[in-house]
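Structure, as structure tokens:
There are 2 protein chains.
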Amino acid sequence: MTELADTLARQVWDFVFAYDAAYDRAAQVAGLSAAQACLLEHLSEESRPMGELALELRCDASNVTQLVSRLEARGLVARVPDPDDRRIKRVLITSAGADVRRAVRVAFEFPSERLGSLTDQERRQLSGLLAKVLGPAS
Amino acid sequence: MTELADTLARQVWDFVFAYDAAYDRAAQVAGLSAAQACLLEHLSEESRPMGELALELRCDASNVTQLVSRLEARGLVARVPDPDDRRIKRVLITSAGADVRRAVRVAFEFPSERLGSLTDQERRQLSGLLAKVLGPAS
DNA sequence: TATTGTTATACTCTATAACTATA
DNA sequence: TATAGTTATAGAGTATAACAATA
């Protein structure tokens, strides 16, 4: 009986499709591409080396260079030197960047809206299932 | 107590990230981009009008033109005329296209691999939760 | 006149290879 | 010699606007 598995696979596909589309729209509302919004999401209070970002985003360093250049041109991030290693450039989100990032988060209603239809117990259930599916490496 | 909601949102984000990356890789194994594989996935035995594909993929018609052109150049789909309306061009998957699509499906182990770690009961649970989250419009 | 699909164009994402500066 | 990041380049995804063919 693989019918259940097929149904589930389809549901997951549909969910991911809707999720991705919603994130695209949210980024667009804030005037960003999804990739740019994603990069901003990987920045914190402190600056971060570009190489670290490339690793986390699982993309080439030259890609990060371009993304950061576009964000920097719009004043959303800044490149700051690393005090210990002058080869390294660190990326720092500006206050304008933090504003835009907040706008993306606000526009990205999908999780709260969709997951909001679940009861507290169902949310716990889903969280447990996802933890099992994602495995220990997360 | 929004901690649960935050945890869940993060888990969903991680899951989608892993899912998307896995689909990218699967398409790449078969020599396709994710968008091309996705288009093939929307074809069945019968040919389909390009406009329908644009609607389902939620993208512009000109985008479908380009995707189909690339797939057609590689012999994976063909454009066939519509017998009733000569404005319409229908897209038909070739047997080579069906082979490649099968290769993508085989390479896309993510759902069966990850979801395979769940028991039958857990799968039913997850399916139910997704049905509720996706809503009636699915 | 409205619709289907294409063309021209432009911007972004992404990777590879060659390069610069620093370690 | 190895590493961090950049530059040059190329292919693909995507959209907008102008267009051709057909309804």
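Chains as they are written, first to last, in the numbering used here: chain A, 1 to 138; chain B, 1001 to 1138.
Backbone N, C-alpha and C define an ideal beta-carbon position, used for all residues, glycine too.
The model shown is predicted, which means the values in this text are computed figures rather than measured ones.
Going by beta carbons, residue 94(A) and residue 115(A) fall outside the 8 Å limit. The beta carbons of residue 1064(B) and residue 1057(B) sit closer together than 8 Å.
At a beta-carbon threshold of 8 Å, the residues of chain A lying near residue 1131(B) are 11, ordered along the chain. Minimum Cα-Cα distance from residue 81(A) among the listed residues 96(A), 47(A), 99(A) corresponds to 47(A).
Pairing residue 1060(B) with residue 86(A), the inter-Cα distance amounts to about 46 Å. Closest in alpha carbon position to residue 1105(B), among 1123(B), 1006(B), 1004(B), 1030(B), is 1030(B).
Any Cβ of chain B closer than 8 Å to the Cβ of residue 30(A) would place that residue at the interface, and such an atom is absent. Within the stretch 1050-1089 of chain B, the alpha helix (DSSP H) runs of at least 4 residues that lie entirely inside it are, in chain order, 1050-1057, 1061-1073. For residue 1004(B), the nearest beta carbon of chain A is closer than 8 Å to its own beta carbon.
Distance from the CA atom of residue 39(A) to the CA atom of residue 1039(B), rounded to whole angstroms, is 28 Å. Following the DSSP letters along the chain, one finds residue 95(A) inside the alpha helix (DSSP H) bounded by residues 95-107.
Within the DSSP secondary-structure output, residue 1048(B) pairs in a beta bridge with 1091(B). Nearest C-alpha to residue 13(A) among 1022(B), 1052(B), 1049(B): 1022(B).
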